[in-house]
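Report on one structure; see the data block that follows.
Residue numbers (the working numbering): 1 to 308.
Below, the structure written as structure tokens:
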């Protein structure tokens with residue numbers, strides 16, 4: 001069984017949307033990536049850090065999904081990373097109300113011995129120095145390294161970010177971040193510029209408008225499934241990344257054709273994530289539901305046309 005190593009935050013979130021609000025609930029990029037990837041046949045491990053305020057029930061929840069948490073450091077007397085945000089009515093924009101790094105501020109990742117030879121490494125959104133620290137611990141070159149990052153690191157840690165970008169095969173960012181990183185407004189030109197920085201594949205997420213993947217002169221577009229209600233977008237991008245990396249790990253193949261299907265798998269899982277607060281929908285999701293919605297994706301994108 002192929003191995004997926006996940007690096008990312010395991011955290012508390014407090015969320016407010018037009019549909020309601022929560023107190024502290026389970027969140028973090030590593031959590032969403034892990035839960036999403038658990039829908040595939042693979043071994044996975046999360047490298048992250050929490051305080052001893054992190055409930056045992058959340059740890060049990062992760063292990064119940066066959067996620068190895070031996071790389072999840074628990075700091076005695078420490079407090080877990082906390083983020084709070086409020087979404088606007090259009091759900092595409094939000095205000096950050098609080099960010100408390102807590103134990104994340106001094107985090108030095110330690111990769112479990114049995115995952116230092118992982119087939120795929122998914123570097124979730126964290127400081128580029130932490131991401132580099134994980135790559136430096138791998139005992140053999142992974143088949144694929146996927147990097148997720150954001151504009152915050154472009155603003156405050158660009159040299160370190162560019163160093164890690166040189167070492168990855170796939171970068172996943174949103175359209176605004178692609179434009180900022182490349183200095184190009186056209187996404188086609190932006191992807192071409194980012195290719196020169198190192199990644200063979202550039203995935204550009206467009207939220208409710210789907211996702212694009214670029215490899216040299218090849219482009220594939222996957223739509224987002226039109227949903228009647230978006231309840232909470234938190235973690236959707238990480239869920240997408242987990243589905244993308246999870247499917248590729250399961251397949252053990254890194255061709256462009258596999259990547260195309262992986263984009264659909266990621267988009268499919270992300271469409272569930274937004275239906276309830278936090279991780280709630282992902283925790284109750286069944287294989288039957290996943291497969292049924294994949295059929296909807298297929299119907300949405302498949303057509304016949306006669307060319308004269």
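Positions of the beta carbon are idealized from the N, C-alpha and C atoms, including for glycine. No experiment lies behind these values; they were computed from the predicted model shown.
A straight-line Cα-Cα distance of about 10 Å links residue 277 and residue 27. For residue 119 and residue 111, the gap between their C-alpha atoms comes out near 14 Å.
Around residue 185, the same chain offers 179 as residues with beta carbons nearer than 7 Å, after the five sequence neighbours per side are excluded. The residues 26, in chain order, have a CB closer than 7 Å to that of residue 58 in the same chain once the five nearest residues on each side in sequence are set aside. Between residue 20 and residue 48, the C-beta spacing is not below 7 Å. Pairing residue 272 with residue 228, the inter-Cα distance amounts to about 12 Å. Residue pairing by DSSP puts residue 174 in a beta bridge opposite 205. Along the segment 16-63, the beta strand (DSSP E) occurs as fully enclosed runs of 3 or more residues at 25-27 and 43-51, listed in sequence order. For residue 109, the CB contacts under 6 Å within the same chain, skipping 5 residues up- and downstream, are 47, 130, 133 and 134 in chain order. Sequence-distant partners of residue 66 (beyond 5 residues in either direction) whose C-beta falls short of 8 Å from its own C-beta, in its chain, are 38, 43 and 44. Scanning its chain for C-beta atoms nearer than 8 Å, with the 5 sequence neighbours on each side dropped, one finds around residue 52 the residues 74, 75, 76, 77 and 78, in chain order. In the three-state scheme derived from DSSP, where H, G and I count as helix and E and B as strand, residue 244 is classed as helix. The segment 281-295 and the segment 203-216 do not touch, with fewer than 3 CB-CB distances between them shorter than 8 Å.
In the displayed model, residue 266 falls within a helix according to three-state DSSP.
Taking the Cα positions, residue 14 is about 15 Å away from residue 274.
In the same chain as residue 190, and ignoring 5 residues on each side of it, the C-beta atoms closer than 7 Å to its own belong to 178, 179, 182 and 184, in chain order. Residue 118: not part of any alpha helix (DSSP H); DSSP gives it neither H nor E.
Between the C-alpha atoms of residue 210 and residue 234 there is a straight-line separation of about 16 Å. In the displayed model, residue 280 falls within a helix according to three-state DSSP. Residue environment analysis places residue 268 among the buried positions, since at least 16 neighbouring C-beta atoms fall within 10 angstroms of its C-beta. For the set 222, 127, 187 and 150, the Cα lying nearest the Cα of residue 266 is the one of 222.
In this chain, residue 167 is not harboured by any alpha helix (DSSP H), its DSSP state being neither H nor E. Excluding the 5 residues flanking it on each side, residue 138 has same chain C-beta neighbours closer than 6 Å at 116, in chain order.
Sequence-distant partners of residue 270 (beyond 5 residues in either direction) whose C-beta falls short of 6 Å from its own C-beta, in its chain, are 236, 239 and 240.
Around the Cβ of residue 82, a 10 Å sphere holds 16 or more other Cβ atoms; the residue is buried. Counting along the chain, residue 152 sits inside the alpha helix (DSSP H) bounded by residues 151-156.
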